[in-house]
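Colleague:
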Amino acid sequence: GDSVTQMEGPVTLSEEAFLTINCTYTATGYPSLFWYVQYPGEGLQLLLKATKADDKGSNKGFEATYRKETTSFHLEKGSVQVSDSAVYFCALIIQGAQKLVFGQGTRLTINP
Amino acid sequence: EPEVTQTPSHQVTQMGQEVILRCVPISNHLYFYWYRQILGQKVEFLVSFYNNEISEKSEIFDDQFSVERPDGSNFTLKIRSTKLEDSAMYFCASSERRNTGELFFGEGSRLTVL
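First to last, the protein sequences are chains A and B.
Residue numbers for the first sequence follow our numbering, so the first one is 1 and each next one is one higher.
Residue numbers for the second sequence follow our numbering, so the first one is 1001 and each next one is one higher.
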C-alpha cells in the first residue's frame, strides 16, 4: 500500500543551523507530495507541496524537491529560527484519491 | 483568516459511552474529513464527506463511527460505544476541492477513554 516514512525525531538544532528532515514514500499510483507543519496548540497547516517529479515546493524559507528516482521529498531550510519549532509531517495523496497518507511526524526544536 | 474550529478540545469518557466531536469547517468549503492520531503513531484518515454523503472511509471507520452534517455549519463525528483504543487526537479538516491534499485542519479534539 501507500506509505510515508520520515526520519525519527526529535530533532534539536541551534538557531541559524541548516535543517534537513528526510522523507521517503511508497506509492501505488502517481502521488502529489506535501509537508504540513503543526505549531504548538494549533492544527496542521500546509507548508508546501509538489505535484510532479522534479517540482520544488517552497514557503517561509523551506524547500523540498520531488525526487521520483529516489522516491523522496526531503524538507530543507538554510537557517532555522526559534519560531520554526514545531512538528513536521510529510504526506502524499494519490491522483484521484481522497485521503492523505501521513508520515509519523518529526518534532523539531530550535534553541536560541 | 478563516479557520476550522473543533470542540471540545479535550474530552474524557468512560468505555462504552457515546461521544460526539464537533467541527465547524470553513464556510465555503464543500469537502470534509476526519483524521485521527493515536499517541506516538501516524495521522490516519478516517472518512471523507461531500454532499451529505460519505465519499470514502477507511477500515478504521467501522459501524461504531458515524458522521453527520446536521445543519449548514457543523460537521460531527460520533463514536457510538467508545473503546480504550479510540483514545486519540481527532482532527477535522475541510477543502475547497475534491481529491486534493490541500486541507485546512482544526486544532484537534483529544479523546481519552478510561
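We put the beta carbon where it would ideally sit given N, CA and C, even for glycine.
If you check the beta carbons only, do Pro1008/B and Cys1092/B fall under 8 angstroms apart?
Modeller: On the second sequence, residue 1008/B is found 8 positions in, with the first residue counted as 1. On the second sequence, residue 1092/B is found 92 positions in, with the first residue counted as 1. No, Cβ-Cβ distance for Pro1008/B and Cys1092/B is not below 8 angstroms.
Colleague: Looking only at its own chain, which residues have a Cβ that is under 8 angstroms from the Cβ of Tyr1050/B, when we skip the five neighbours before and after it?
Modeller: Here residue 1050/B refers to the residue found at position 50 of the second sequence. Correct list, in chain order: Leu1030, Tyr1031, Phe1032, Arg1098.
Colleague: Pull up the DSSP beta-bridge partners for Phe34/A, would you.
Modeller: Taking the first sequence and counting its residues from 1, one reaches residue 34/A at position 34. According to DSSP, Phe34/A bridges with Lys49/A, Ala91/A.
Colleague: Identify the residues that DSSP records as bridge partners of Gln1037/B: which are they?
Modeller: To locate residue 1037/B, count along the second sequence from 1; it is residue 37. Bridge partners of Gln1037/B: Val1043/B, Met1089/B.
Colleague: Under the rule that 16 or more other beta-carbon atoms within 10 Å means buried, what is Val1012/B, buried or exposed?
Modeller: Looking up residue 1012/B in the second sequence gives position 12. That one is exposed.
Colleague: Within 8 angstroms (strictly less), CB to CB, does Phe73/A reach chain B?
Modeller: Position 73 of the first sequence holds residue 73/A. Chain B contact via Cβ: absent.
Colleague: What residues from the segment 92–110 of chain A come within 8 angstroms of chain B, judged by C-beta to C-beta, listed N to C?
Modeller: Against chain B - using a Cβ distance shorter than 8 angstroms - the residues of the segment 92–110 of chain A are Leu92, Ile93, Gln95, Gly96, Ala97, Gln98, Lys99, Leu100, Val101, Phe102, Gly103, Gln104, Gly105.
Colleague: So for Val80/A, helix, strand or coil by DSSP?
Modeller: As a first step, residue 80/A must be located in the first sequence, where it is residue number 80. If DSSP states are grouped into helix, strand and coil, Val80/A belongs with coil.
Colleague: Note down, in chain order, every chain A residue with its Cβ under 9 angstroms from the Cβ of Asn1051/B.
Modeller: Locating residue 1051/B in the second sequence gives position 51, counting from the first residue. In chain order: nothing, as chain A lies at least about 13 angstroms away.
Colleague: Give the DSSP-derived three-state secondary structure of Leu1077/B in the structure shown.
Modeller: Counted from its first residue, the second sequence places residue 1077/B at position 77. In the structure shown, Leu1077/B sits in a strand (DSSP, three-state: E or B).
Colleague: Residues of chain A with CB closer than 9 angstroms to the CB of Val1024/B, please, in chain order.
Modeller: Taking the second sequence and counting its residues from 1, one reaches residue 1024/B at position 24. Neighbours of Val1024/B on chain A: none; closest Cβ ~13 angstroms, over 9 angstroms.
Colleague: Looking only at its chain, what residues have a beta carbon closer than 6 angstroms to the beta carbon of Tyr30/A, apart from the 5 residues adjacent to it on each side?
Modeller: For this step, residue 30/A is matched to residue 30 along the first sequence. Closer than 6 angstroms at the Cβ level, and outside the excluded window around Tyr30/A, lie Gln95.
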